[in-house]
Amino acid sequence: QEAQQIDEITTDLLSLAEIEMNYAEIPKEEIRLDELLWDIKEEFKKRFPNGSEIEIKFIYLPEDPSHLIINADRHLLLSAFLNIVKNASKFSDNKPIIISLESTDEFSVIKIEDKGIGVAEEDLKHIFTPFYRAKNAREYQGHGLGLSLAEKVFKLYHASIKVVSNVGEGSTFIINLPVCKF
């Protein structure tokens, strides 16, 4: 178990370094965000078969499906979302998670909502800092790199990420991704 944790830390640190050093060389492809949500759910179940159930909701999808497309590296984007979903599952003791998508002509908004332990107001400003662990999260296994990795990936694609949270009620991660212009 310790060897697995060291492997995860090493992999995450290498990913952080690679993102910062080689952004121009990272391959990009057209990715439909509605399809990506299904990939996130499938990959999460594959990696964590005893993890949370995931419900996917489409709040609003544009008539033009090209407004759901972003140019990104599928592996990096999937990894970023999986880090958030993995945390949502872990910190909610495997309670169901809701992933929703709402898209406009300019942005697609993906929300990942859990009913977990939540994050205290004083910890919210630090949760994207590498190795930071909120006080109420320290009893859970982890190393504090997943959210910083996710934030860096989203920034690569000019996306923003914020968190709304209440201790004892859960957290919602809100990612705003600009859509491609064709």
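Numbering (our numbering), first residue to last: 10 to 191. Glycine residues also receive a C-beta, built at the ideal position from the N, C-alpha and C atoms.
- In the displayed model, residue 157 falls within a helix according to three-state DSSP.
- Your pair residue 124 and residue 179 checks out as a contact, with CB atoms roughly 4 angstroms apart and the cut at 8 angstroms.
- With 16 or more other CB atoms across the displayed protein chains lying within 10 angstroms of its CB, residue 98 is buried.
- Look at residue 90 here: in three-state DSSP terms it is helix.
- In its chain, beyond the 5 residues on either side, 140, 141, 142 have a beta carbon closer than 6 angstroms to the beta carbon of residue 153.
- Around the CB of residue 76, 16 or more other CB atoms lie within 10 Å, so the residue is classed as buried.
- Cβ contact annotation for residue 155 (same chain, cutoff 8 angstroms, sequence separation greater than five): 21, 92, 93, 95, 96, in chain order.
- In the three-state scheme derived from DSSP, where H, G and I count as helix and E and B as strand, residue 146 is classed as helix.
- Taking a C-beta distance under 8 angstroms as the contact criterion, residue 42 and residue 119 qualify as a contact pair.
- For the 8 angstroms CB-CB criterion, residue 68 and residue 110 form a contact.
- Taking C-beta separations shorter than 6 angstroms and ignoring five residues to either side along the sequence, the partners of residue 40 in its chain run 79, 81, 83, following chain order.
- Taking each of 116, 100, 117, 121 in turn and checking the Cα distance to residue 108, the smallest one comes out for 121.
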